[in-house]
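Adding 9 to a residue's 1-based position in the sequence shown gives its number in our numbering. Below is one structure, written out as structure tokens; the observations come after it.
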Amino acid sequence: MGFIKSTSATAVSLERSLLLITSFLISISFCAYARQATGLTESEAHPPHLGNFALPQSQQPGPFFSFGQNILEKNQFQAYLQTTYEQRRLAYFTWATPALVYGVTDAISVMVALPIAIEYAETLHHSSGLDEAFVQGEWAFYNRSSFKSTEQGTLVGAVNFPTGSTKKEPSTSYGVTSYFIGGTYNQTFVNWLWFVSAAAFHVPPYEATHRYNQYLYQYGLGRNIKSVTNKYIFFGLLEFNGNYEEIKEIQIKHHHHVPEKSTIYKYGNVIYATPSLWFSTPKLFAQLGFSLPLDQQWTDINKHKNYFVSLALGLTFN
Numbered sequence: 010m011g012f013i014k015s016t017s018a019t020a021v022s023l024e025r026s027l028l029l030i031t032s033f034l035i036s037i038s039f040c041a042y043a044r045q046a047t048g049l050t051e052s053e054a055h056p057p058h059l060g061n062f063a064l065p066q067s068q069q070p071g072p073f074f075s076f077g078q079n080i081l082e083k084n085q086f087q088a089y090l091q092t093t094y095e096q097r098r099l100a101y102f103t104w105a106t107p108a109l110v111y112g113v114t115d116a117i118s119v120m121v122a123l124p125i126a127i128e129y130a131e132t133l134h135h136s137s138g139l140d141e142a143f144v145q146g147e148w149a150f151y152n153r154s155s156f157k158s159t160e161q162g163t164l165v166g167a168v169n170f171p172t173g174s175t176k177k178e179p180s181t182s183y184g185v186t187s188y189f190i191g192g193t194y195n196q197t198f199v200n201w202l203w204f205v206s207a208a209a210f211h212v213p214p215y216e217a218t219h220r221y222n223q224y225l226y227q228y229g230l231g232r233n234i235k236s237v238t239n240k241y242i243f244f245g246l247l248e249f250n251g252n253y254e255e256i257k258e259i260q261i262k263h264h265h266h267v268p269e270k271s272t273i274y275k276y277g278n279v280i281y282a283t284p285s286l287w288f289s290t291p292k293l294f295a296q297l298g299f300s301l302p303l304d305q306q307w308t309d310i311n312k313h314k315n316y317f318v319s320l321a322l323g324l325t326f327n
């Protein structure tokens, strides 16, 4: 279901969303530049190996549903599998995402992932198989440490490939190559961690009938529960994940054998609260959590979310 909305109103919404994302990326870049200008970016001071710093960087806690912050040390590998179940009002989706992350340098990491639809179900239709593979690059353009904390700003870019199927119902692909760009900033203390991130995801028109844009705005705050230096970290995190979507559909109907085009705009916004628990050792890590919508507004009732549940398991190779 949807409603017809003026093109100008949608353009204004798109421009505002892009402006917010651009402003965020410029802001974190400016902050990093300002720190570098004062000579504070590089420091020999580091926090003690306690709390969130009880293990190396790759094993320290980070986001769960939020994107990015996957920086590893040079030549380090990380393999993980994340399984997720999403319940909507009229549908449910179960998928697994195996992924491999590689540290190209101490400041650049690359991720390759191939989500697999275990079961997608909507009304009476079911589907499964490959979803859309993606390659993600992340650059830590800003790093700073002191005796109290570490700070990091990153830029994230990704490309999704149409390895799924648009013929299945529900579909497992957008049918075209799509693009993602975003930025993150985080600060980690011995006992506390917080981060903020924003991003845009664009799907070009498919067969000239569909265009999709998604904008993410995210915040997280977490605290160390228990840790032992060089042995393990147990950590709790609460994220707030905002997701605004815009969909443009062109419908073609024939009136007296004459094709008539009509443009329908659908949009929606949802904000989740996402608590999770993190546990890691020098080689292994696991994170379990769920998401509940605090507020959501949709023009398409099929988009209404009930909850997410997810589990991630990973192994790090030096």
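Idealized CB from N, CA, C, for every residue including glycine.
- Between the stretch 290 to 302 and the stretch 58 to 73, the count of Cβ pairs shorter than 8 Å is three or higher; the stretches touch.
- Runs of the beta strand (DSSP E) lying entirely within the stretch 174 to 239, each at least 3 residues long, are 187 to 198, 201 to 212, 219 to 237 in chain order.
- Pairing residue 191 with residue 234, the inter-Cα distance amounts to about 30 Å.
- Here residue 60 carries a helix assignment [DSSP, helix/strand/coil].
- Residue state for residue 312 is assigned as helix, using DSSP reduced to three classes.
- In this model, residue 54 and residue 222 are separated by some 42 Å (Cα to Cα).
- Ranked by how close their Cα comes to the Cα of residue 63, the residues 179, 307, 201 have 201 in first place.
- Residue burial annotation: residue 102 is buried, with at least 16 other C-beta atoms found within 10 angstroms of its C-beta.
- Residue environment analysis places residue 236 among the buried positions, since at least 16 neighbouring C-beta atoms fall within 10 angstroms of its C-beta.
- A straight-line Cα-Cα distance of about 15 Å links residue 184 and residue 123.
- Under the Cβ criterion (8 Å, minimum of three pairs), the stretch 140 to 154 counts as touching the stretch 166 to 186.
- CA-to-CA, the gap between residue 198 and residue 255 works out to about 37 Å.
- The C-alpha of residue 111 lies about 13 Å from the C-alpha of residue 323.
- Looking at 107, 105, 98, 114, the one whose alpha-carbon comes closest to that of residue 84 is 114.
- Approximately 7 Å separates the beta-carbon atoms of residue 56 and residue 159; this is inside 8 Å, confirming the contact.
- CA-to-CA, the gap between residue 95 and residue 212 works out to about 22 Å.
- For residue 86, the uninterrupted beta strand (DSSP E) segment begins and ends at 86 to 97.
- Per DSSP, residue 127 is one residue of the beta strand (DSSP E) stretching across 125 to 131.
- Looking from the CA of residue 305, the closest CA among 97, 277, 92 belongs to 277.
- Beyond the five residues adjoining it in sequence on each side, residue 216 comes within less than 8 Å, by CB distance, of 184 in the same chain, given in chain order.
- Within the same chain, and ignoring the five residues on either side of residue 312 in sequence, the residues whose Cβ sits closer than 6 Å to its Cβ are 277.
- In this structure, DSSP gives residue 68 a helical state, which the three-state scheme calls helix.
- Counting the other Cβ atoms within 10 Å of the Cβ of residue 81 gives 16 or more, which makes it buried.
- For the pair residue 275 and residue 166, the Cα-to-Cα distance works out to about 26 Å.
- For residue 169, the enclosing beta strand (DSSP E) starts and ends at 158 to 170.
- Looking at the DSSP output, residue 134 sits in a beta bridge with 131.
- By the beta-carbon neighbour count (other beta carbons within 10 angstroms, threshold 16), residue 279 is buried.
- Residue 75 sits in coil when the DSSP states are folded into three classes, being neither helix nor strand.
- A direct Cα-to-Cα measurement between residue 65 and residue 126 gives close to 33 Å.
- Where residue 114 is concerned, there is no enclosing beta strand (DSSP E), because DSSP gives it neither an H nor an E.
- From the listed residues 214, 156, 161, the smallest Cα separation to residue 182 is found for 214.
- Residue burial is scored here from C-beta neighbours: residue 315 has fewer than 16 other C-beta atoms within 10 angstroms and is therefore classed as exposed.
- Nearest Cα to residue 229 within the set 77, 58, 59, 67: 77.
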